[in-house]
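Q: The sequence shown runs 650 to 809 under this note's numbering. C-beta atoms are modelled at their ideal positions from N, C-alpha and C, and glycine is treated no differently. Below is a structure I'd like to ask you about.
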Amino acid sequence: MTDDHLIRLTVNGSEHVLAVEPRASLADVLRDDLGHTGTNVTCEQGICGACTVLVDGQATRACLVFAVQADDSHVETVESLGTADRLSALQQAFREERAVQCGFCTPGFLMLATWLLREQPDVDDQGLREVLGSNICRCTGYRGILRAVARVRDSGEPVS
Ligand code: FES
Ligand code: FES
């Protein structure tokens, strides 16, 4: 006897039907069942933002969402942004502005910034600071992250 629930998720454009435990978080299903290990998990309490993904276009802390709650949704993870050979504008800017130190927080910041620049392409510097300050960089790399996101905002390039 199993309590698993069948859910349907579209992740980075690919559709999956999965049997998941009722208590499984979206982050765990993305990582453990679908292999999208770019979604990092640390606090599992909604504090750090390392697990940020987009669910139906909204920036979402995947550790706080049960996978069953995401049934029938479209999820975008950091793997959707680019590849090692073809970085997205944000990924390239993070690299060039030295926004990546240990890199553990980077996927969450990239997805949060992707959401922000899609929603508010003209966000001002204060808005950038307020939104990006909701994720934690333990290496205190905020200046580089702010420079990188501001650079893409100012370039007018599509974020993804
Ligand atoms: S692991 Fe989800 S917010 Fe920290
Ligand atoms: S670069 Fe290390 S936690 Fe942000």
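Between which two residues does the beta strand (DSSP E) holding glutamine 707 run?
A: Segment 707 to 710, the beta strand (DSSP E) holding glutamine 707.
Q: Sorted by chain position, which residues of the same chain lie with C-beta nearer than 7 Å to leucine 658's C-beta, five sequence neighbours on each side aside?
A: Beyond the five residues adjoining it in sequence on each side, leucine 658 comes within less than 7 Å, by CB distance, of His665, Leu667, Ala719, Ser722, Val724 in the same chain, given in chain order.
Q: Considering only residues of the same chain and omitting the five flanking positions on each side of glycine 793, which have a CB-CB separation below 7 Å?
A: Glu746, Arg747, Ala748.
Q: According to the neighbour-count rule (16 or more other Cβ atoms, all chains shown, within 10 Å of its Cβ), is glycine 706 buried or exposed?
A: Glycine 706 should be labelled exposed.
Q: Applying the criterion that 16 or more other CB atoms from any shown protein chain within 10 Å of the CB defines a buried residue, is serine 804 buried or exposed?
A: exposed
Q: Which residues in the same chain as arginine 796 place their Cβ atom closer than 6 Å to its Cβ, once the five residues preceding and following it in sequence are excluded?
A: Glu746
Q: Give the secondary structure of threonine 763 by DSSP, where H, G and I count as helix, E and B as strand, and everything else as coil.
A: helix
Q: Would the C-beta of glycine 695 count as close to ligand 1, meaning under 7 Å from any of its heavy atoms?
A: Indeed, a heavy atom of ligand 1 lies less than 7 Å from the Cβ.
Q: May I ask which residues mark the beginning and end of the alpha helix (DSSP H) holding isoleucine 794?
A: 791 to 804
Q: How big is the Cα-Cα spacing for leucine 836 and aspartate 652?
A: Absent from the model: residue 836. The displayed extent of the chain is 650 to 809, so no value can be given.
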